[in-house]
Every structure is written in C-alpha cells, then in structure tokens.
Amino acid sequence: MSDHESVRALLALSAAGLLDPDEERLVREHVCHCVSCASELEAYGSLSLELSNMPAPQAPVYLVSRTVAMVAAEADRRQGAVLAGGAAVFACVFVLLVGQMLRTMVSEDAALVWLVWASISSVLGAACALVLASRRRLERSIV
Amino acid sequence: MIYEAAIDESFPVAEPPTQVARLRSGDPAAVAEAVGQYQQRLYRYFVRLVRDQASADDLFQQTWLNVVRQLHRYDAARSFDTWLFAIAHNAAMDLLRRRPAESLEDHEFALSAPGQDAFSAVLAGERAAILAGAMAELPALYREALTLRFEEGMKLEEIAEVTGTPLSTVKSRVRRGLEAMKQRLCKEDIL
C-alpha cells in the first residue's frame, strides 16, 4: 500500500480524533501536499461536526417519573425481602431456643409439641405473608 | 480535532462519589436525581440504537432497574458514565438480538439510494434529518459507535469498555460508519 493509500485509510479516524499521535502527524504532513486527501479530510471533518450537533430526540415527560416509581418499587421489594429473610431467621432461632428450654426444663414431649405447633403456625403465617405481598404488588402495578 | 469543539460540555461526564453512595443506600431522591441527570443522554443513545420510541422507553426503564440491582458490583474507581452505558449496551443488545431483521454488524451492508423526500428535506434545510436518516440505516453496532463517539464524546477506551470490544474493533466500526455516511451524503450532494 502506498503512502497515499495508507493515509487515505486513516482520514475518517483522524476526523473522529481516534488516531494516535504518530498517525495523526502522518496525516497532517500528507494533507499539506495532497489536495484530494485534504478535501477528503475536510469532508470527514464536516460530517463529524454535524454528527456532534445532531438534534437529540427528547425523552417523553412521563419517562423519569415512571422510571423513578419503578426503581422505588424495586428498592421497596428488595428491602421487604431482606426484612422477611431476617424475620424468618430470627423466628427459627427463637423456636429452637424455646424448644431447647422446654426440653431441659419440662420434658421432651413438651418440646416436641412446641416444635410441631410452631412449625404449623410458621407455615400458615408465611403463606398469609406471601398472599398479602402478592396482592400488594398487584395493587402497585395497577396504580 | 474539528468536532471536539462542538461536543456539548454541559452534559455530566463524571459522577460525584457522594451520589453513587446515596444511590447505593437506596435514597429515592438520589435515584430521581440520577435518572433525571442522564435522561436525555441515555434516551438519545437508545433511540439511535433501536430506532423506536417504545423500545427506547422500555430499555431506559430496564437499564435503571439493572443499575439498582447491580449497584453493589459498581467499582467507584471506574467512571459511572461508562458503567451505566455498559449496562444500557447489554440491555439494547439483548433486544436487538431478538429482532430477526436487525443487522448488528453487516460487513456487506449498503445504504439505500436517496429518495425524493430526502431531496425535499435538503431544500428545506433539514440536513440533520437526512443525517439522522442515513445513520439509522447503518448496522446497529456502527450506529452505536458513532453515537458514543460523536454525541456522547466518549474516548476510544471508554467506547471499548461500554461495548466490551477491542480498541481495533471500535476504530473499525467508527471508520466504516463514517465512510458509509460520507458516501451516502456525497450521493445526495450535501457534503
């Protein structure tokens, strides 16, 4: 490839400001004595300038408020999940501790009855919480 | 470079760390502030890339949801702009890959010949509309490279980070995109 051809291949990138200093110098030196490359570079320069100044499409006015509401709902959901997880861990530890206390202070049967009762009520409680959470989510999505 | 003087400096280029910290804490005011701050830039990027408003709206919302979900992975040493646009890029690419007719990077693409409407638009002085029309006909990855370089004013390394491609690929996309647009605009005799 001749000097002229190799520089010609760099003209678009020169106008875009994407050449390294050595390549840029090569282009500058070449266009000083090559009219056709100088004209080509000028055309790419104009095109680059016009691309930088193209009118930007305007975002609809509702977009920010809708996005912020969606992000807030997501943050709310994540916070709710963290709280629910923490509460579940606390409940498990509490049930096991009470069970252990009953076992040592009363009897193994009492501890077993406590664990069964606590497990049933926990499952029912968790089911209610899930139903309520899904209803709340549905209400929020309708709003 | 010639075009650099024209890049709009009023757009934010770096995020103050305090705002990122507030975003991480889930502060709704910080979220609203960030969404508003990047609204025009992000929306423009999506419209150029996917070429329809409804998809741009969806991608805009999806991007901010992903930002909130992935904030814990954000490295404050990196530019927030680049990180945000990388999330936007991934969301847009997922959508474009699902479009059967969409050409992401067609090496044999050709822009269509100018029509009568284009000529009228020139007469009316609507060069920008023709320019946007010519850009819209480029393959998606070339459109993206051009909008990140010329409208966002990103450096080569930043574009490579956003798109997850080598520097040489970014250069090649910018060059081919510019060459195709110049060819088209020369045919219309407006360059």
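Heads up: the protein sequence lines correspond to chains A and B, in order. Every number in the working numbering is 2 more than the matching position in the first sequence, counting from 1. Every number in the working numbering is 8 more than the matching position in the second sequence, counting from 1. Even glycine gets a Cβ: it sits at the ideal position worked out from N, Cα and C.
- With respect to A/P59, B/V170 sits apart: the two C-beta atoms are not nearer than 8 Å.
- Look at B/W72: its C-beta is under 8 Å from a C-beta on chain A.
- In the structure shown, B/K163 adopts coil according to DSSP, grouped into three states.
- With 16 or more other Cβ atoms inside 10 Å of its own Cβ, B/F88 counts as buried.
- The Cβ-Cβ distance between A/G127 and A/L117 does not fall below 8 Å.
- At a C-beta separation below 8 Å, B/F68 has these neighbours in chain A: A61, L65, T69.
- Of the other Cβ atoms in all chains shown, fewer than 16 fall within 10 Å of the Cβ of B/P174; this residue is therefore exposed.
- Cβ neighbours of B/A168 within its own chain (closer than 6 Å, five residues either side excluded): L175, V178.
- Within chain B, the residues R135, A136, L139 have their CB atoms less than 8 Å from the CB of A/E52, given in chain order.
- Sequence-distant Cβ neighbours of A/G47 in its own chain, meaning closer than 6 Å and more than five residues away, are A17.
- Taking every protein chain shown into account, the CB of A/Y64 has fewer than 16 other CB atoms within 10 angstroms, so this residue is exposed.
- Identification of chain A residues near B/A40 by a Cβ-Cβ cut-off of 8 Å yields V66, V70, ordered along the chain.
- For B/C194, the enclosing alpha helix (DSSP H) starts and ends at 175-195.
- A buried status is given to B/W91, since no fewer than 16 other beta-carbon atoms sit within 10 Å of its beta-carbon.
- Taking a beta-carbon distance threshold of 8 Å, A/P57 counts as an interface residue toward chain B.
- Scanning chain B for C-beta atoms nearer than 7 Å to the C-beta of A/S48 yields L199, reported in chain order.
- Taking the Cα positions, A/G82 is about 10 Å away from A/E76.
- Separation of B/V39 and A/V66 (C-alpha to C-alpha, rounded to the nearest whole angstrom) is 10 Å.
- Contact between the region 26-36 of chain B and the region 102-114 of chain A is absent: fewer than 3 CB-CB pairs across the two stretches fall below 8 Å.
- Contacts between B/Q48 and chain A, judged by CB atoms closer than 7 Å, involve A58, A61 in chain order.
- Only exposed fits A/I122, as fewer than 16 other CB atoms lie within 10 angstroms of its CB.
- The contact set of A/E25 on chain B, defined by CB atoms closer than 9 Å, is empty, because the minimum CB distance reaches about 10 Å.
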